Structures are given as structure tokens and as C-alpha cells.
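Contents: one structure, followed by commentary.
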Amino acid sequence: MNGHVRVLMIGDSHVGALISAHRRMRRLGGSLPANIAFEFSYLGNGFHFSHSFFELHEATIRFTHPEFAANLGRDLRLDAIARQEGVVFGLSMGLHTARVFRDPQWTRHVPWDLSANLPGQPVSSDVLNAIIDQDSQYIVAFYRAMQSLEIPFFVVAAPPPYRLHNCMSLYGIAPEIIVQVDRAYRTRISGILRQAGIDCIHPPREVIGEDGFIKAEFRAGIPEDDPHHANADYGQIMMQQAFPVVESLSCQMAAAGQ
Amino acid sequence: MPTPYDSQPPRSFWRTGVANLSPLEFRDLYRKKFTISENDLIGSAGSCFAQHIGNRLKRSGFRYLDVEPPPALLPAAEHGRYGYGIYSGRFGNIYTARQMRQLFERAFAEFEPVDHIWMRGDRFHDAFRPTIEPDGFGSIEELLAMRQGHLASVRTMFEKADVFVFTFGLTEAWMSRRDGAVYPLCPGTAAGTFSDTEYQFVNFGFSEIIADMSMLIQRWRAINPGIRFLFTVSPVPLTATATSSHVMVATTYSKSVLRAVAGELAQDELIDYFPSYELIASPTQRGFFFAPNMRAVVAGGVEYVMRHFFDQHTPPASSGARAPATTGGPAQATAPPMHEDDVICDEMLLDTHNAA
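Residue numbers (the numbering used here), protein chains in the order written: chain H, 1 to 258; chain B, 259 to 614.
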């Protein structure tokens with residue numbers, strides 16, 4: 001790797017697992033690359049990412065959501081995002097699939113490929129993709145804005161869904177639907193990212209149970225009434241996957257003369 | 259002795275009913291045969307113009323039946339694109355009586371057409387609603403699963419509706435030579451491949467349409483004895499004809515036959531006829547309500563038609579717009595006002611085949 005890289009990890013509440021992992025790795029020593037400095041900012045609740053939250057202003061991106069702007073300023077002392085020498089952004093946004101899978105619509109609708117075994121009106125793949133596109137439109141626009149300013153970045157996916165997510169007890173959504181919608185969402189966004197040449201760190205197989213939910217060990221220590229988040233063990237696995245991605249982006253920056 | 263005309267009201271005479279009035283002053287063109295109560299579930303289907311009627315019924319406070327509501331997260335702007343909220347089910351436009359009859363038969367597994375999947379590129383289209391998913395389905399399995407769910411919902415519509423509003427659109431259709439399956443569109447337009455050996459053109463006559471509708475009504479009443487029908491004829495001319503006639507002549511034939519069929523069927527006391535055709539297309543209206551292409555009906559025309567309808571079928575007083583009645587789960591959002599450009603009219607695809 002060429003020189004020192006500053007990685008600014010920003011995004012939704014799933015940044016929390018990465019922060020916990022980073023603290024632990026730093027405390028234990030030896031497991032963080034010496035020339036990568038990670039900094040973090042929890043911008044705000046994942047719900048807000050499905051609404052307009054930024055604007056492109058000349059060579060910068062400004063958060064129009066006041067909480068996002070305030071947190072970015074507080075945590076990273078930035079009032080906008082711009083291309084900076086030696087800086088890579090890690091975005092924890094775009095694969096928080098719960099906004100779609102937890103919706104009570106799934107008590108009367110069902111993805112078509114589950115309709116033989118589950119009650120409900122089948123939903124086609126294209127309609128499900130249209131729903132996902134609607135939900136992710138501002139995040140995808142954010143990726144594109146980052147690319148248009150040639151700001152180096154990668155995406156870190158949210159953890160797989162939690163086996164006891166309260167949408168099951170609250171609304172009666174079938175677990176198979178949660179897993180299926182989660183997969184569809186990840187497939188859709190992964191396709192967009194791949195096509196755009198954007199690196200994405202996905203949860204590896206080792207964290208996903210046979211039922212498609214996150215393995216219990218990666219929820220240990222997380223309160224049961226928290227339906228989304230993973231623990232520091234999960235965060236560490238994701239952080240470790242980030243290192244080679246940062247290295248690669250750093251090399252690209254160096255090659256580009258930045 | 260006075261003649262029967264002596265006791266007729268002014269509306270019965272051309273001079274006082276029409277000639278002395280502006281078209282906008284016409285009154286009393288329609289008198290309802292039965293009351294639609296606020297508890298009646300109203301279903302609707304038919305050709306493009308039927309979309310206006312369904313949309314206005316939804317917004318008026320009547321209980322409009324939607325057996326295939328959209329998923330709540332699908333943006334409203336996408337509903338029409340995927341065939342949601344246009345009619346009481348996701349069956350798309352039903353232009354002919356035979357198509358309507360066969361929808362019933364397919365819903366109750368009385369008819370399983372041989373040629374039922376059309377291709378466009380590598381995508382699979384349901385031949386009986388080829389534009390319901392504009393890009394088709396990704397696999398045959400998906401298409402069949404979606405159809406199975408669709409037909410189950412359609413059965414519910416047939417079983418639950420108290421009043422069914424059907425707008426007759428066309429007499430012309432394309433039919434499979436193998437088993438008589440009738441399609442909403444000519445194969446090779448939205449999807450599929452046209453073949454003379456596979457498909458034949460039909461221009462249904464009066465007696466055929468009467469037979470189709472009589473059969474439909476008889477079967478429908480067998481499973482839903484209280485069902486009442488309200489028939490209309492679309493005033494929208496044909497986009498294109500497959501006959502050797504000029505399209506204007508073909509339109510006159512088609513609309514005349516359908517108007518006669520609706521009149522004949524309305525002899526039944528539980529079948530009403532609402533004159534949307536006359537309100538828009540009669541020469542007395544001087545083409546006011548047609549767009550410059552003399553085909554599309556402008557929004558003012560739809561308002562005019564529905565004003566006559568609601569003069570007789572007064573919308574439930576207290577409710578205003580009411581969420582469509584679905585077959586389970588929380589109510590869906592009410593329908594937004596419909597612009598004339600919002601009408602999903604598959605038949606217009608035929609104009610893309612106009613070589614001129």
C-alpha cells in the first residue's frame with residue numbers, strides 16, 4: 001500500500017458494529033493495518049435514507065438532512081463530502097433491507113416464488129424490484145454523486161436479517177418472506193453496484209445461518225428488542241474484509257496521481 | 259282519443275330533449291334501473307374507457323372492489339404500469355364479450371387454453387394480459403405462479419361483487435385456431451409472434467356476443483345469485499381494424515353491434531344500461547368531448563359522463579373518497595384523480611403497425 005490512508009466510515013446505524021469492532025481491534029492491537037486510520041460517523045436512522053438527504057453542490061456533497069449534516073460535522077469535522085487526498089469513504093448505506101421486508105404489506109402479499117407454500121397475493125420480481133428501486137433511489141443517487149466527483153469509496157452491507165425480528169410477532173410476516181425479500185434487495189443493489197464498478201463488502205457465508213438469518217453468535221450481546229444490529233464479532237469480520245478493498249482503492253488513487 | 263305521444267315528457271321529443279338545448283344542458287338521459295347502495299361491492303372491467311368509470315367510482319365513495327390491490331410499498335406512480343388499480347383485478351383491458359366469458363371460464367378452471375404464453379425476447383408474457391408486466395416475466399414458473407394468484411383473486415371478484423360494471427369495447431379480436439382462446443391483443447404486437455396458421459381474426463356479430471354474455475351471466479348468477487350488471491359501451495373508436503373496411507366504418511359496425519347487445523341484455527330487470535356512448539359520441543355532442551385525434555375522450559367528457567351517472571347513483575353522502583374494498587388486510591390508498599393520458603389502452607399499440 002502506498003502511504004497513509006484515512007477511511008471515513010459513514011452511514012446508518014449499522015456503523016455501530018464497525019465502531020465496536022474497531023475499538024476492540026485497536027485495544028487488542030495488531031489487527032489493524034498500521035497505515036489505515038479509520039474514523040466513523042453515524043449519520044442517522046436508516047429510515048431517513050429512503051428520503052432525499054443530500055444535494056450535489058459544485059464539487060461537494062452536502063447533507064440536506066439536518067441530523068446527517070450535524071453528525072458529520074461533529075464526528076468528522078466536515079461540512080460537506082469532497083474528494084480529498086488520501087481519503088477513502090466507506091458507506092454503510094444501501095443494503096439495509098429491513099425497510100422493505102418488515103412492511104405489513106407482506107401479510108397479504110408474497111414474493112411469487114413463495115406463493116405455492118404461503119398465502120397471499122403473489123408479487124412478481126419486477127414489481128419487487130420496483131419497490132426496491134423506490135426505497136433505494138436516494139442512496140443510489142448518492143453513489144452516483146460520489147462517482148461523479150471521483151471520490152473513492154466502497155459500500156459496506158448491513159447484516160443479514162435477525163431471526164426474531166419483531167415484524168414477525170407484530171404483523172405475522174413469515175420468516176421465509178423476510179429472507180426472500182432481503183435476498184432480492186441485496187441482489188438488486190449488488191447488481192447496480194457491480195455495474196457501476198463500486199466495491200461492496202457483503203456479509204460472508206460464515207455469518208449466515210442455513211435459514212438465511214444472521215447466526216445467533218453474531219447477535220450475542222445485542223438486546224433482543226433491537227431487531228437489526230449485529231455485534232462487534234460481525235463488525236470485525238466486515239472490517240477485515242474492508243482492508244484489501246481500501247488497499248485496492250488506495251493503489252488506484254496513487255496510480256491516478258492523487 | 260289521445261295518442262301515446264300526448265303523455266310523453268319533453269325528454270321524449272327531439273326538439274325539447276335535444277334541439278333546444280346546448281349539449282351541456284342535456285338532462286335525464288339515464289334513469290337507473292336499480293339502486294347501488296353504499297354497501298354494494300362494485301366490480302368493473304372492460305375496454306379503456308372503463309378505467310375512467312372505475313376510477314370515478316373509487317373516488318366517489320362507493321365500495322369499489324379491488325381483488326388485486328398493489329403492494330403498499332409500490333409507488334403510486336407505478337401502479338398503472340403494472341396493471342394495479344385499473345380495474346377490479348389485474349386482468350388488463352377486456353375488449354370483447356368472449357374474452358370476458360373466457361376469463362370466467364379460466365378462473366374456474368373450465369377452460370385451459372393451449373396457447374397461453376407469448377415471448378418477447380427472452381421474457382415471458384401472459385397472452386391474456388400481455389402488458390400487465392411491461393417487461394414480461396423472467397420465467398415460465400413466475401408467469402404461472404402469478405397467473406394462479408391472479409385467477410384465484412378473479413374468482414373472488416366473481417363471487418363477491420354485488421354490481422359489475424362492464425364496458426363493451428370491441429367486436430374485433432384475434433383467436434387461437436387450436437381452441438378458440440381469444441386474446442386482448444393481436445399476437446405479435448405487445449408480445450408473441452403472429453402466424454396465420456395459429457391465429458384467426460374474428461369480428462363478432464350480435465348473436466355471438468349475446469350468446470357469450472348470456473352464458474357468462476348465467477354462470478355468474480349460478481355462483482353469485484344477487485349479482486347485478488351495469489353495461490356501457492365505450493365511445494372510443496377503434497385504433498385500427500383488421501377488416502377490409504375503413505376504420506370509421508368498422509368503428510360504426512362495432513359500436514352499433516355492442517350498443518344493440520347492451521340494449522338487448524338490459525331487457526333483464528337486473529341488468530342496466532348506462533349511455534356513456536351516447537353522452538360522448540352522439541352527433542348531438544358535436545365531438546366536444548373528443549381530443550383532436552377524435553378518438554381519446556378528454557377529461558371534461560369523462561366528468562360529463564360521470565355527472566349523469568352520479569345524478570342517478572348518488573354517491574354515499576358522508577364518505578367522500580373511500581379506500582377500495584380489498585379481499586383481506588388493511589385498506590389501500592384511495593385512487594388519485596385520473597388524467598386522460600393515464601388510461602392504459604393496449605389497443606393503441608396497433609397504431610405502431612401503421613405503415614403510413
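Virtual Cβ for every residue (Gly too), placed ideally from N, Cα, C. Model, not experiment: these values are computed from the prediction.
Say whether chain H places a C-beta atom closer than 8 Å to the C-beta of residue i.
i               : result
D393 of chain B : yes
S270 of chain B : no
G396 of chain B : yes
P267 of chain B : no
L323 of chain B : no
A589 of chain B : Low local confidence applies: a pLDDT of 38 at A589 of chain B is under 50, so the model's placement there is unreliable, with the coordinate-based value given in what follows. Chain H contact via Cβ: absent.
S411 of chain B : yes
Y345 of chain B : no
Taking residue i as the reference, which of the options has the closest Cα?
i               : options                        : result
S92 of chain H  : H:F54, H:Y42, H:W106           : H:Y42
A365 of chain B : B:D324, B:V412, B:R387, B:L516 : B:V412
L236 of chain H : H:R24, H:H4, H:D12, H:P223     : Reading off the sequence shown, one finds Gln at residue 236 of chain H, where the question assumed Leu. Here the closest residue by C-alpha is H:R24.
L287 of chain B : B:D373, B:E522, B:P268, B:F369 : B:P268
P119 of chain H : B:S514, B:G319, B:A410, B:M606 : B:A410
R108 of chain H : B:T610, B:A613, B:T584         : B:T584
F307 of chain B : B:E527, B:I398, B:V491         : B:V491
N166 of chain H : H:R99, H:I198, H:H65, H:A116   : H:R99
S13 of chain H  : H:N71, H:F38, H:R62            : H:N71
A431 of chain B : B:V494, B:P445, B:P371         : B:P445
A518 of chain B : B:I467, B:A330, B:E561, B:R317 : B:I467
E400 of chain B : H:A130, H:L95, H:S124, H:F154  : H:S124
M415 of chain B : B:R289, B:S302, B:P260         : B:S302
A448 of chain B : B:P262, B:M606, B:R356, B:Y511 : B:M606
G572 of chain B : B:R285, B:E296, B:V276         : Reading the sequence as shown, one finds Thr at residue 572 of chain B and not Gly. Of B:R285, B:E296, B:V276, the residue nearest in Cα terms is B:E296.
Can you have a look at residue i and say buried or exposed, based on whether 16 or more other CB atoms are within 10 angstroms of its CB?
i               : result
E55 of chain H  : exposed
A216 of chain H : exposed
I178 of chain H : buried
L78 of chain H  : buried
R321 of chain B : buried
W376 of chain B : buried
V507 of chain B : exposed
F264 of chain B : Reading the sequence as shown, one finds Asp at residue 264 of chain B and not Phe. It is exposed - the Cβ of D264 of chain B has fewer than 16 other Cβ atoms within 10 Å.
F271 of chain B : exposed
C251 of chain H : exposed
S305 of chain B : buried
G484 of chain B : exposed
Q266 of chain B : exposed
I398 of chain B : exposed
Could one say the Cβ of residue i lies closer than 8 Å to chain B's Cβ atoms, at least one of them?
i               : result
I131 of chain H : yes
D113 of chain H : yes
V127 of chain H : yes
H109 of chain H : yes
D182 of chain H : no
P161 of chain H : no
P223 of chain H : no
V123 of chain H : yes
V5 of chain H   : no
D103 of chain H : yes
V179 of chain H : no
A141 of chain H : no
Q134 of chain H : yes
A98 of chain H  : no
What is the DSSP secondary structure of residue i, reduced to helix, strand or coil?
i               : result
C306 of chain B : helix
S453 of chain B : coil
C200 of chain H : strand
F382 of chain B : strand
Y322 of chain B : strand
H374 of chain B : coil
V556 of chain B : coil
S41 of chain H  : strand
N297 of chain B : coil
T610 of chain B : helix
D133 of chain H : helix
R285 of chain B : coil
Q240 of chain H : helix
N461 of chain B : strand
E399 of chain B : helix
Q525 of chain B : coil
L347 of chain B : Per the sequence shown, residue 347 of chain B should be read as Gly rather than Leu. G347 of chain B falls in the coil class under three-state DSSP.
Residue i CB to nearest chain C CB: under 8 Å?
i               : result
E336 of chain B : The structure shown contains no chain C; the protein chains it does contain are H and B.
Nearer than 7 Å: is that true of the beta carbon of residue i relative to any heavy atom of the ligand SAM?
i               : result
H383 of chain B : Only the bare structure without any ligand can be found here, which leaves the ligand SAM out of the picture.
Review point. What are the uninterrupted segments assigned as alpha helix (DSSP H) that are 4 or more residues long and contained completely in the segment 153-234 of chain H, given in chain order?
Key: Residue ranges of uninterrupted alpha helix (DSSP H) with 4 or more members, entirely inside the segment 153-234 of chain H and ordered along the chain, are 166-171, 175-196.
Practice item. Go through the segment 22-105 of chain H residue by residue and report every complete run of the beta strand (DSSP E) that reaches 3 residues or more, in order. Key: Counting only runs of 3 or more, we get 36-42, 54-57, 60-63, 87-92.
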